[in-house]
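A.B. asks: Heads up, our numbering is the position in the sequence shown plus 214, with the first residue counted as 1. Got a structure here, written out as structure tokens. Questions coming.
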Amino acid sequence: MSMPSSSPPATAAPYVVEDCGDALQVLSDGTIVRSAPPPAPVPEDGRVDWKDALYDAGRGLGLRMYRPRRRDVTDTGEEEEKLPVLVYFHGGGFCVGSCSWPKTHAVCVRLAAELPALVLSFDYRLAPEHRLPAAHEDAARALLWLRDQLIAPFDNTWLAESADSRRVFVSGVSAGGSLAHHMAVQFGTAGLEPGANVVGYILLMPGLFSAEPTRSELDTPETAFLTQEMFDRFFRLGMPAGATRDHPLVNPFAPESPSLEAVCVGRMLVVAAERDFFRDRNVEYAERMKAMGKDVELVVFAGQEHGFFGMDPASDADLQLVRVIRRFVGRQGNGNSDEV
215 MSMPSSSPPA TAAPYVVEDC GDALQVLSDG TIVRSAPPPA PVPEDGRVDW
265 KDALYDAGRG LGLRMYRPRR RDVTDTGEEE EKLPVLVYFH GGGFCVGSCS
315 WPKTHAVCVR LAAELPALVL SFDYRLAPEH RLPAAHEDAA RALLWLRDQL
365 IAPFDNTWLA ESADSRRVFV SGVSAGGSLA HHMAVQFGTA GLEPGANVVG
415 YILLMPGLFS AEPTRSELDT PETAFLTQEM FDRFFRLGMP AGATRDHPLV
465 NPFAPESPSL EAVCVGRMLV VAAERDFFRD RNVEYAERMK AMGKDVELVV
515 FAGQEHGFFG MDPASDADLQ LVRVIRRFVG RQGNGNSDEV
């Protein structure tokens with residue numbers, strides 16, 4: 215007597231367990247789904263040339279380089295003055311973002327044209343495929359690549375022709391601002407010599423936090439660009455397993471964080487936004503660094519949210535921020551605090 219055949223039990227279809235919008239989703243079976251951002255061409259205004267390159271071929275990590283279009287000097291026979299070098303690390307909670315994303319590209323075009331500067335926008339490995347400290351390792355590798363290129367540029371004619379190795383600045387926004395802090399701790403001003411002299415660090419709304427919530431975190435509305443829910447999601451996806459919010463990777467003043475007293479960071483610019491989730495952290499960071507005797511300039515942008523730079527290029531806030539960065543790149547002396 216034959217037994218009736220039975221079908222194997224139906225397997226539930228994978229479902230979304232972590233949703234970071236269109237850019238990133240994590241499914242219940244561990245699948246990670248990434249979507250390319252919709253095309254949003256940035257109009258070329260004739261002021262800047264740009265090109266892509268690799269700084270870590272083994273990992274497929276690249277950068278986008280921007281150089282103000284060279285003026286015609288054939289009539290005078292004079293050489294063009296070399297430009298400061300601005301390293302830029304994008305934001306995205308260590309989970310999303312790229313140097314090729316339209317907003318990042320537009321910001322770097324503007325900085326290259328209006329500072330002016332040779333801007334190098336570096337990609338780094340993203341979580342959850344590569345949890346921290348992968349991004350920090352890549353940021354350090356990027357700076358060491360820059361150092362080596364400035365010593366012997368090989369076929370990198372842009373660096374050979376245009377880079378002033380005595381004026382290197384390391385910057386980043388949000389997660390990239392946190393990377394800039396860690397690069398300041400790791401390299402300071404002399405850690406990339408003899409190839410590169412790092413003059414200063416620029417932290418734009420850096421992603422810093424701790425276990426104790428601040429007033430700006432508690433008061434952030436659900437309609438904000440960066441909310442508590444979004445922050446929690448990026449934290450779960452990006453941090454090492456079991457990490458707390460006092461992990462040294464995200465809290466520079468945590469009990470296990472290295473002392474910053476003896477670190478020579480050169481000049482530092484910290485930009486905060488009044489309506490930002492991270493506002494209080496950013497202000498505290500700048501004040502505590504200044505209390506240690508660091509040369510820190512703090513600028514708070516009234517009425518602005520997290521990541522405002524590049525949201526509306528024609529806005530007064532964007533115009534003022536470019537002016538602040540340009541002044542910082544060109545200034546000498548001690549920093550101060552201000553509100554714009």
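Where is the CB? At the ideal position from N, CA and C, for every residue including glycine.
Quick one: give me the first and last residue of the alpha helix (DSSP H) that residue 573 is part of.
C.D. replies: Residue numbering for the chain in the displayed model covers 215 to 554; residue 573 lies beyond these limits and cannot be assessed.
A.B. asks: Pull up the distance between the alpha-carbon of residue 390 and that of residue 462, whole angstroms please.
C.D. replies: So the two alpha carbons sit approximately 16 Å from each other.
A.B. asks: Per the contact definition of three or more C-beta pairs closer than 8 Å, is the segment 293 to 313 in contact with the segment 450 to 459?
C.D. replies: Output reads yes: the segment 293 to 313 touches the segment 450 to 459.
A.B. asks: Taking residue 257 as the reference, which of 320, 442, 327 has the closest Cα?
C.D. replies: Of the candidates 320, 442, 327, the one whose C-alpha sits nearest the C-alpha of residue 257 is 320.
A.B. asks: Whole-angstrom Cβ separation of residue 515 and residue 488, contact assumed at under 8 Å?
C.D. replies: Rounded, the Cβ-Cβ distance is 6 Å, consistent with contact.
A.B. asks: Which two residues bound the contiguous beta strand (DSSP E) that contains residue 362?
C.D. replies: Note, residue 362: premise wrong, no beta strand (DSSP E); alpha helix (DSSP H) at 348 to 365.
A.B. asks: What would DSSP say about residue 269, mapped onto helix, strand or coil?
C.D. replies: Strand at residue 269.
A.B. asks: If you count every other CB in all the chains shown that lies within 10 Å of the CB of residue 404, and 16 or more means buried, which is it?
C.D. replies: So residue 404 counts as exposed.
A.B. asks: Just mark residue 352 as buried or exposed, buried being the case when its beta carbon has 16 or more other beta carbons within 10 Å.
C.D. replies: The residue is buried, with at least 16 neighbouring Cβ atoms inside 10 Å.
A.B. asks: Counting beta carbon pairs with one atom in the segment 320 to 340 and one in the segment 275 to 285, are three or more of them shorter than 8 Å?
C.D. replies: Result yes; three or more Cβ-Cβ pairs closer than 8 Å.
A.B. asks: Have a look at the DSSP bridge pairing and note the partners of residue 416.
C.D. replies: Residue 416 pairs with 385, 483.
A.B. asks: Pick helix, strand or coil for residue 326, following the three-state DSSP scheme.
C.D. replies: The answer is helix: DSSP assigns residue 326 an H, G or I state.
A.B. asks: Under the DSSP definition of a beta bridge, which residues are partnered with residue 276?
C.D. replies: Its beta-bridge partners are 268.
A.B. asks: Looking at residue 523: is its Cβ nearer than 9 Å to the Cβ of residue 387?
C.D. replies: Yes, these two residues count as a Cβ contact at 9 Å.
A.B. asks: Which residues in the same chain as residue 361 place their Cβ atom closer than 6 Å to its Cβ, once the five residues preceding and following it in sequence are excluded?
C.D. replies: Contacts found: 406, 409, 410.
A.B. asks: If we ignore side chains and look at the alpha-carbon of each, how far apart do residue 525 and residue 317 end up?
C.D. replies: So the two alpha carbons sit approximately 7 Å from each other.
A.B. asks: By DSSP's criteria, residue 232 is part of a beta bridge. Which residues make up the other side?
C.D. replies: In the DSSP output, where bridge partners are listed per residue, residue 232 has 240.
A.B. asks: Give every residue of the same chain whose Cβ lies closer than 6 Å to the Cβ of residue 268, excluding the five residues on either side of it in the sequence, and list them in chain order.
C.D. replies: Once the five neighbours on either side are set aside, the close Cβ partners of residue 268 are 276.
A.B. asks: Sorted by chain position, which residues of the same chain lie with C-beta nearer than 6 Å to residue 559's C-beta, five sequence neighbours on each side aside?
C.D. replies: Because the chain is modelled from 215 through 554, residue 559 falls outside the range shown and cannot be assessed.
A.B. asks: Helix, strand or coil: how does DSSP classify residue 302 here?
C.D. replies: It is a strand residue.
A.B. asks: Can you tell me whether residue 526 is helix, strand or coil according to DSSP?
C.D. replies: It is coil, neither helix nor strand.
A.B. asks: Below 8 Å CB to CB, which residues in the same chain sit around residue 469 once its five sequence neighbours on both sides are set aside?
C.D. replies: Hits under 8 Å: 460.
A.B. asks: Hey, could you find the ends of the beta strand (DSSP E) residue 497 is sitting in?
C.D. replies: That residue, residue 497, is in no beta strand (DSSP E); its alpha helix (DSSP H) goes 493 to 505.
A.B. asks: Under 9 Å, do residue 475 and residue 342 count as touching if we go by C-beta distance?
C.D. replies: No, these two residues do not count as a Cβ contact at 9 Å.
A.B. asks: Helix, strand or coil, according to DSSP, for residue 536 in the structure here?
C.D. replies: Helix, per DSSP.
A.B. asks: Drop a sphere of 10 angstroms on the beta-carbon of residue 356, count the other beta-carbons inside from all chains shown, and report buried for 16 or more, exposed for fewer.
C.D. replies: Answer is buried; the Cβ neighbour count reaches 16.
A.B. asks: List the endpoints of the continuous beta strand (DSSP E) containing residue 449.
C.D. replies: Taken as a continuous stretch (DSSP letters only), residue 449 belongs to no beta strand (DSSP E), being part of the alpha helix (DSSP H) at 442 to 452.
A.B. asks: Which class does residue 510 belong to by DSSP, given the choice of helix, strand or coil?
C.D. replies: Strand at residue 510.
A.B. asks: Below 8 Å on the Cβ atoms is my guess for residue 492 versus residue 444; work out the distance and round it to an integer in Å.
C.D. replies: That belief does not hold up - the Cβ atoms of residue 492 and residue 444 are roughly 12 Å apart, past 8 Å.
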